[in-house]
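Chains as they are written, first to last, in this note's numbering: chain A, 10 to 301; chain B, 49 to 324.
Glycine is no exception: its CB is placed at the ideal position from the N, C-alpha and C atoms.
What follows is a set of notes on a single structure, which appears directly below.
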Amino acid sequence: SLSEKLQNVFKKLRSKGKLSEKDVKKAMREVKLALLEADVNFKVVKKFINRVTERAVGQEVMKSLTPGQQVVKIVRDELTDLMGKTSSQINYSPGGITVILLVGLQGAGKTTTAGKLAYRIKKEGHYPLLVAADVYRPAAVKQLQVVGERADVPVFAMGEKNSPVDIVKASMSFAKNNGRDVVLVDTAGRLHIDETLMEELHQMKKAVHPHEILLVVDAMTGQDAVNVADSFNKKLGIDGVILTKLDGDTRGGAAISVKAVTECPIKFVGTGEKLEEMEPFYPDRMASRILG
Amino acid sequence: LTSHKKIDEGLFEELEEVLITADVGVDTTIELMDDLREKIKQEKTSNPEDVKDVLKALIQEKLKQYSGKLPDEYPLVIMVVGVNGSGKTTTIGKLAYKYREKGKKVLVGAGDTFRAAAVEQLEIWANRADAGIIKHKAGSDPSAVIYDALKAAAARGIDVVICDTAGRLQTQKNLMEELKKIYRVITNEAPKNAAVEVLLVLDATTGQNALSQAKLFKEAVDVSGIALTKLDGTAKGGIILAVTNHTHIPIKLIGVGEGIEDLQEFDPEAFADALL
Ligand SMILES: Nc1nc2c(ncn2[C@@H]2O[C@H](COP(=O)(O)OP(=O)(O)OP(=O)(O)O)[C@@H](O)[C@H]2O)c(=O)[nH]1
Ligand SMILES: Nc1nc2c(ncn2[C@@H]2O[C@H](COP(=O)(O)OP(=O)(O)OP(=O)(O)O)[C@@H](O)[C@H]2O)c(=O)[nH]1
Ligand SMILES: [Mg+2]
Ligand SMILES: [Mg+2]
Numbered sequence: 010s011l012s013e014k015l016q017n018v019f020k021k022l023r024s025k026g027k028l029s030e031k032d033v034k035k036a037m038r039e040v041k042l043a044l045l046e047a048d049v050n051f052k053v054v055k056k057f058i059n060r061v062t063e064r065a066v067g068q069e070v071m072k073s074l075t076p077g078q079q080v081v082k083i084v085r086d087e088l089t090d091l092m093g094k095t096s097s098q099i100n101y102s103p104g105g106i107t108v109i110l111l112v113g114l115q116g117a118g119k120t121t122t123a124g125k126l127a128y129r130i131k132k133e134g135h136y137p138l139l140v141a142a143d144v145y146r147p148a149a150v151k152q153l154q155v156v157g158e159r160a161d162v163p164v165f166a167m168g169e170k171n172s173p174v175d176i177v178k179a180s181m182s183f184a185k186n187n188g189r190d191v192v193l194v195d196t197a198g199r200l201h202i203d204e205t206l207m208e209e210l211h212q213m214k215k216a217v218h219p220h221e222i223l224l225v226v227d228a229m230t231g232q233d234a235v236n237v238a239d240s241f242n243k244k245l246g247i248d249g250v251i252l253t254k255l256d257g258d259t260r261g262g263a264a265i266s267v268k269a270v271t272e273c274p275i276k277f278v279g280t281g282e283k284l285e286e287m288e289p290f291y292p293d294r295m296a297s298r299i300l301g
Numbered sequence: 049l050t051s052h053k054k055i056d057e058g059l060f061e062e063l064e065e066v067l068i069t070a071d072v073g074v075d076t077t078i079e080l081m082d083d084l085r086e087k088i089k090q091e092k093t094s095n096p097e098d099v100k101d102v103l104k105a106l107i108q109e110k111l112k113q114y115s116g117k118l119p120d121e122y123p124l125v126i127m128v129v130g131v132n133g134s135g136k137t138t139t140i141g142k143l144a145y146k147y148r149e150k151g152k153k154v155l156v157g158a159g160d161t162f163r164a165a166a167v168e169q170l171e172i173w174a175n176r177a178d179a180g181i182i183k184h185k186a187g188s189d190p191s192a193v194i195y196d197a198l199k200a201a202a203a204r205g206i207d208v209v210i211c212d213t214a215g216r217l218q219t220q221k222n223l224m225e226e227l228k229k230i231y232r233v234i235t236n237e238a239p240k241n242a243a244v245e246v247l248l249v250l251d252a253t254t255g256q257n258a259l260s261q262a263k264l265f266k267e268a269v270d271v272s273g274i275a276l277t278k279l280d281g282t283a284k285g286g287i288i289l290a291v292t293n294h295t296h297i298p299i300k301l302i303g304v305g306e307g308i309e310d311l312q313e314f315d316p317e318a319f320a321d322a323l324l
């Protein structure tokens, strides 16, 4: 683990007595490697190392009797800070219908997460409505209907012959007429470089003014996470992120990259395929996981 | 790459950054850069413009050792495995279509009996590809579905059986055991003269975890080929270098879209080109 590697670096250095800038550089190299191996984006790592180095060559480390532990603490603290706060609530509209849009790349976990969110929102005393706006993927509508059935939440669908924008517009009237106060829209997976499909999301946003546009990201995403998040944020505007498949052994550095480039909170994390397997996001736990 | 007047450390750093950003990973990047410096010394390369091409050739060489072709011997059984959402079911649709285009009779086995609407999704692909499908009701034993598919294939003179399995994380021990059981059914029940291919589907957007996926899936069901999907995005799939290095599994196919024809045979030259 990184803590062990840093302890080793500083063990060798302690015999020399004082700590030099060169020694800190050695330690920072270990931090850089650990973060890259955890899939944190290269440019984000560079910025992070610069900030940590600045603190590490300061008095708190140079004069410390346990410089190794000090550096580990600084790295952990800075990483936790980068992750933001725990802000795992849904921003419900103060009056009227709350509209939440789930967006992201193909296979990230949007449909499954829509079910989890619906389940949670219902438990919080609201009346959610799931909307099947993916008309492209074979049996996507059916998948959401099965998920809705399991969560005991109604699903609004108009088959696969209508445009997603029309479906979402129609779902709003349906929600109003049926006492549903939260509309949860499951959209088709898409590439951030697909202009037509990104424009479709833009049209959807203009039509129903979502309160939350949540980007669903697979926790095992590599360096590309930064491009995806940046693109979705610039072209559409993101209010929050949900990180999925954290029940695996991926370190999840994509979390840092996404947070760094969008400055949006990571609201929830997916920890399995079942409805209840979604938890609030804890920055300190994520920091520990990334540091290995 | 910015233009350099001579081959200097700045040029090497830039190339390192390109590799890391392509998900090649730290260890493999260090290895490649060492080989690059060695090659440049050997070939007495002096023009900085040529350095990138030397690196490209090195990467191509590595990949050529481990690239393979779509299996072309019959009867053929293909078992498709991989983590959740990587593109297995869609890839099966594309594969079924490819074999139908070759005039082969294809049957798909709906071995994902767990996920919502997994069978319905596969059935739509089978219809599009003009392939038969064997399915049981939701929650049934995947091994039983695959057993039935193999028996039906033998009875109907099917050339290619493609088995879909549920997505699973390589660290889920009970699910990996389930996969081993399905594999045993295939090795026991496939015709004695059948070729068996275990195809691991990896998502090109995946980072370093792809290496753990390849290692553990190989350990469990002796993966014989890799399909790298979603290369039509901006992810480069550089992790495939470490994967082939460590596991020696040949990369056979790449997914470049969501349409039935968006499956291509792996081309090391094109891949190395796109990587840099
Ligand atoms: N282990 C695990 N699997 C998950 C998690 N979230 C989703 N999945 C699985 O990931 C796969 C893809 O999930 P989907 O919900 O279909 O993904 P999607 O984003 O809607 O996919 P598209 O609509 O095709 O873009 C499914 O097998 C899910 O069961 C999670 O947190 N953990
Ligand atoms: N852009 C792009 N999308 C792809 C590609 N291959 C698959 N997809 C999409 O990725 C998503 C997931 O594909 P699936 O075939 O359902 O993946 P899977 O591995 O069977 O998923 P599970 O069974 O849930 O584990 C779908 O939206 C597919 O259309 C590809 O090569 N390019
Ligand atoms: Mg979906
Ligand atoms: Mg599938």
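#1: Going by C-alpha to C-alpha distance, which of B:K221, B:A177, B:V72 and B:H52 sits closest to L324 (chain B)?
#2: What does S134 (chain B) touch in chain C if you count any residue whose Cβ is under 7 Å from its own?
#3: Decide if the region 47-54 of chain A is in contact with the region 255-266 of chain A; the criterion is three or more beta carbon pairs, one per stretch, under 8 Å apart.
#4: Give the residues of chain A in contact with A283 (chain B), contact being defined as C-beta atoms less than 7 Å apart.
#5: Relative to the alpha-carbon of D256 (chain A), which residue among A:I275, A:T120, A:M287 and A:V235 has its alpha-carbon at the smallest distance?
#6: With respect to the alpha helix (DSSP H) encompassing Q115 (chain A), which residues constitute its N-terminal and C-terminal limits?
#7: Express the C-alpha separation of V33 (chain A) and Q98 (chain A) in angstroms, rounding to a whole number.
#8: Rounded to whole angstroms, what is the Cα-Cα separation between Y136 (chain A) and R189 (chain A)?
#9: At the level of alpha carbons, what is the spacing between K170 (chain A) and A148 (chain A)?
#10: Going by Cα to Cα distance, which pick from A:L284, A:F51 and A:V70 is closest to S29 (chain A)?
#11: For a cutoff of 7 Å on Cβ pairs, would you count G90 (chain B) as touching chain A?
#12: Quick one: list the residues of chain A neighbouring V74 (chain B), beta-carbon separation under 8 Å, in chain order.
#13: Smallest Cα separation from L206 (chain A): which of A:V81, A:V177, A:P173 and A:P103?
#14: Indicate whether L311 (chain B) and K136 (chain B) have their beta-carbon atoms separated by less than 7 Å.
#15: If you draw a straight line from the C-alpha of G159 (chain B) to the C-alpha of C211 (chain B), how long is it?
#16: So, is R38 (chain A) buried or exposed, given that buried needs 16 or more other C-beta atoms within 10 angstroms?
#17: Which of the three DSSP states, helix, strand or coil, is assigned to M71 (chain A)?
#18: Here's the rule: buried if 16 or more other CB atoms are within 10 angstroms of the residue's CB, otherwise exposed. What is T50 (chain B)?
#19: Pick helix, strand or coil for F314 (chain B), following the three-state DSSP scheme.
#20: Just checking K119 (chain A) against ligand 3 - is the residue's beta carbon closer than 6 Å to any of the ligand's heavy atoms?
#21: Using the Cα positions of P292 (chain A) and I251 (chain A), report the straight-line distance between them to the nearest angstrom.
#22: Let me know the secondary structure DSSP gives T282 (chain B) once reduced to three states.
#23: Let's see if you can read the secondary structure: which residues bound the alpha helix (DSSP H) around V156 (chain B)?
#24: Please report how far the alpha carbon of E313 (chain B) lies from the alpha carbon of K284 (chain B), in whole angstroms.
#25: Let me see if you follow: with CB-CB separation under 7 Å, is P147 (chain A) close to chain B or not?
#26: Can you name, in chain order, every residue of its own chain whose Cβ lies under 8 Å from the Cβ of A166 (chain B), other than the five neighbours on each side?
#27: Who are the neighbours of K151 (chain A) on chain B, taking C-beta pairs under 7 Å?
#28: Closer than 6 Å by C-beta to R199 (chain A): which residues in its own chain qualify, once you throw out the five before and the five after it? Chain order, please.
#29: From the DSSP output, read off the bridge partner residues of C211 (chain B).
#30: List the DSSP bridge partners of M167 (chain A).
#31: Jot down the residue ranges of each uninterrupted alpha helix (DSSP H) in the region 235-307 of chain B, minimum 4 residues, whole runs only, in chain order.
#32: I want to verify the contact list: residues of chain A whose CB lies under 8 Å from the CB of D82 (chain B), in sequence order.
#33: Classify P320 (chain A) as helix, strand or coil using the three-state DSSP reduction.
#34: Using the DSSP secondary-structure output, state which residues sit across from M287 (chain A) in a beta bridge.
#35: Once you ignore the five residues that flank T282 (chain B) on each side, which residues in its own chain have a CB closer than 7 Å to its CB?
#36: With distances taken Cα to Cα, identify the nearest neighbour of F162 (chain B) among B:R216, B:A242 and B:K117.
The structure says:
#1: B:V72
#2: Absent from the structure: chain C. Protein chains present are A and B.
#3: yes
#4: G231 and D233
#5: A:M287
#6: Per DSSP, Q115 (chain A) belongs to no alpha helix (DSSP H) and is neither H nor E.
#7: 40 Å
#8: 5 Å
#9: 13 Å
#10: A:V70
#11: Correcting the residue identity first, residue 90 (chain B) is Gln in this sequence and not Gly. False, the Cβ-Cβ gap to chain A never drops below 7 Å.
#12: L42, L45 and E46
#13: A:P173
#14: no
#15: 6 Å
#16: exposed
#17: helix
#18: exposed
#19: coil
#20: yes
#21: 13 Å
#22: coil
#23: Unbroken run through V156 (chain B) is the beta strand (DSSP E), V154 to G159; no alpha helix (DSSP H).
#24: 16 Å
#25: yes
#26: T137, A158, D160, D212 and A214
#27: A165 and E168
#28: L206
#29: B:M127 and B:G157
#30: A:E169
#31: 257-269 and 287-295
#32: Within chain A, no residue comes near D82 (chain B); the closest Cβ sits about 16 Å away, beyond 8 Å.
#33: Past the edges of chain A, shown from 10 to 301, lies residue 320 (chain A), and the structure says nothing about it.
#34: A:G279
#35: none
#36: B:R216
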